[in-house]
Amino acid sequence: MLKELRKNEKGFTLIELLIVVAIIGILAAIAIPQFAAYRQRAFNSAALTDINNLQKSEAAFFTDWQVFGHSAAAAAGAAPNAATAANAGAIVTGPDNGVAGNVIWVTGNAQSLQAGLSNNVDMIAHTNAGGDSFNAATKHVQGSRSYAVDADLTATYMAEATVGNNLVAGDIINPVAQNDDFNGQNNNDGNPFTMM
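Heads up: the sequence shown runs through residues 7 to 202, numbered per the working numbering.
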């Protein structure tokens, strides 16, 4: 009886196995680049969401205190010292451990606002001397775009950026009140900011 069962057993032929391997190879060739593109879009979306949230937070901050704030890192959950005359913000990065990060904006009036920042997203916000204008930029470390906003406009700007590079101070210019500060400007990679 065992001999009869073994005679009826049939395996896959070499041709059938090669066809299956070829189909899997074709599917992998299509899926892997698409997966990389999805990841890239997700990284860019995180930076775009953070710049939009920053813009709304700055507007609310201005409504309460009649000044905009600049970026400063939170130290052990405490608000940093009040801003000095130079209102250049610090570059702050969201955590890479899956825990929500915090950024604090401060003003010369010793007021502060704490807000979340996505994982591995760099952010910087500058104010002018009077605190009546601000510019800000964000970029995910693995993203291919940097985003910027100007207090004088509701638009968001976008510039292509190098994947793997962090945001640098050269990606943002000092704000001038009642001026479109990013029109005709380039980011640190030499790519122009364009209105989205």
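Think of the CB as a built atom: it goes at the ideal place given N, C-alpha and C, for glycine as much as any other residue.
Inter-segment contact for the segment 26–34 and the segment 117–133 is absent: fewer than three beta-carbon pairs are separated by less than 8 Å. Within its own chain, the residues whose Cβ lies closer than 8 Å to the Cβ of Gly170, once the five positions on either side in sequence are excluded, are Val147 and Gln148, listed in chain order. For Val27, the enclosing alpha helix (DSSP H) starts and ends at Leu20 to Trp71.
By the Cβ neighbour-count rule, Leu20 is exposed, with fewer than 16 other Cβ atoms within 10 Å of its own.
Contact annotation: the segment 60–75 touches the segment 153–160, with at least three C-beta pairs closer than 8 Å. Bounds of the beta strand (DSSP E) holding Asp156 are Arg151 to Asp156.
Separation of Phe41 and Asp138 (C-alpha to C-alpha, rounded to the nearest whole angstrom) is 43 Å. Counting along the chain, Thr133 sits inside the beta strand (DSSP E) bounded by residues Val127 to Thr133. Beyond the five residues adjoining it in sequence on each side, Gln117 comes within less than 7 Å, by CB distance, of Trp71 in the same chain, given in chain order. In this structure, the beta-carbon distance from Gly95 to His76 falls below 8 Å.
Ranked by Cα distance from Val174, the first of Ala43, Asp195, Gly190 and Gln184 is Asp195. Phe140 sits away from Phe188, with the two beta carbons spaced by 8 Å or more. With a cutoff of 8 Å on beta-carbon distance, Asn126 and Glu166 are scored as not near each other. Judged by DSSP in its simplified three-state form, Gly122 adopts strand. Residue state for Ala167 is assigned as coil, using DSSP reduced to three classes. A straight-line Cα-Cα distance of about 23 Å links Ile97 and Arg47. Assigned with DSSP and collapsed to three states, Ala94 falls in coil, not helix or strand. The alpha-carbon of Arg151 is positioned some 25 Å away from that of Asn134. Inclusion of Ile57 and Thr200 in the CB contact set at 8 Å is not warranted, their separation being larger than that value.
When C-alpha distances from Asn192 are compared across Asp177, Ala183 and Val182, the shortest belongs to Asp177.
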